[in-house]
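Taking our numbering, I'd label the letters of the sequence shown as residues 559 to 756.
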Amino acid sequence: MRALGLVASYLIGAIPVGFLVARAAGGFDIRGKGSGNIGATNVLRTLGPVPAVLTLLGDVVKGYLAVRVAEVLGPEPAWGAAGALLAVVGNCWPVFLRFRGGKGMATALGAFLALVPKAVLPAAVLFIAIVAISRYVSLACMAAALVLPVGVFLLGYPRASTGAAALAALVILWRHRENIRRLADGKENRLGGRLPAA
Numbered sequence: 559m560r561a562l563g564l565v566a567s568y569l570i571g572a573i574p575v576g577f578l579v580a581r582a583a584g585g586f587d588i589r590g591k592g593s594g595n596i597g598a599t600n601v602l603r604t605l606g607p608v609p610a611v612l613t614l615l616g617d618v619v620k621g622y623l624a625v626r627v628a629e630v631l632g633p634e635p636a637w638g639a640a641g642a643l644l645a646v647v648g649n650c651w652p653v654f655l656r657f658r659g660g661k662g663m664a665t666a667l668g669a670f671l672a673l674v675p676k677a678v679l680p681a682a683v684l685f686i687a688i689v690a691i692s693r694y695v696s697l698a699c700m701a702a703a704l705v706l707p708v709g710v711f712l713l714g715y716p717r718a719s720t721g722a723a724a725l726a727a728l729v730i731l732w733r734h735r736e737n738i739r740r741l742a743d744g745k746e747n748r749l750g751g752r753l754p755a756a
């Protein structure tokens, strides 16, 4: 029964919100546009702000719900932590899209808002500051992801939550590996810039 609950957390995380929004709003597969990613940033560049906001909110909500579903399995912190991590994994590798998904950041935001809300604030502030200064969303995502487990640890949340945040950060960094290369080469696209076709 508990295993099924964890599968449910993954499946909630795997709901391809950006893909569905693009299908509804533009009638096309978002994976063939812009960067080819199903996340809110590519939806913004491809379809504009309203679909992007819908994608962002949908990804945040599904992360939050995945944790709440996992917490039903038991009062131990490990269940909610597992739900948070599985939501991020589901977003990045969704079974519904043959495991070609997003980069996990918005889903992680929702998941860890449910799990460790106080630790999300410094990460969110850092994200906003980096985007405002550099306009590199990818850099802001990676920095925020790395700061989150530090905040979770310093604020005294359970070890399971710290571990989940650290593993989620590693997943997010892995999913941004192409962005890291482009940042190093000075070729990364800034927010507001145009992307070539995928």
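Where is the CB? At the ideal position from N, CA and C, for every residue including glycine.
Using a Cβ distance threshold of 7 Å, Tyr622 and Leu655 do not count as a contacting pair. Per the coordinates, the alpha-carbon of Asn595 lies some 33 Å from the alpha-carbon of Leu713. Between Met700 and Leu673, the C-beta spacing is not below 7 Å. Under the criterion of beta carbons closer than 8 Å, Val627 and Gly616 do not qualify as touching, at roughly 16 Å. Residue nearest to Val708 within the set Arg693, Ser696 and Ala727 is Ala727 (criterion: CA-CA distance).
Collapsing the DSSP output to three states places Arg748 in coil. Taking Ala636 as reference, the option from Thr613, Tyr715 and Glu736 with the minimal CA-CA separation is Tyr715. Between Ser719 and Val710, the CB-CB gap stays under 7 Å. Distances from the alpha-carbon of Val625 to those of Leu569, Arg733, Gly744 and Ala690 put Leu569 closest. Note that the region 601-618 touches the region 577-588; at least 3 beta-carbon pairs, one per stretch, sit closer than 8 Å. Within 10 angstroms of the beta-carbon of Glu746 lie 16 or more other beta-carbons, which makes it buried.
Rounded to whole angstroms, the separation of the alpha carbons of Gly660 and Trp651 is 8 Å. When the alpha-carbon of Pro574 is set against those of Tyr694, Val619 and Ala698, the nearest one is in Val619. Within the region 562-629, the complete alpha helix (DSSP H) segments at least 4 residues long are 575-584, 598-605 and 607-629, listed from N- to C-terminus. Val601 and Pro680 have their C-alpha atoms spaced approximately 26 Å apart. The three-state reading of DSSP puts Lys661 in coil, since its state is none of H, G, I, E or B. Cβ neighbours of Val705 within its own chain (closer than 7 Å, five residues either side excluded): Pro680, Ala681 and Leu684. With a cutoff of 7 Å on beta-carbon distance, Leu725 and Leu643 are scored as near each other. At a Cβ-Cβ threshold of 7 Å, Val678 and Leu749 do not count as neighbours.
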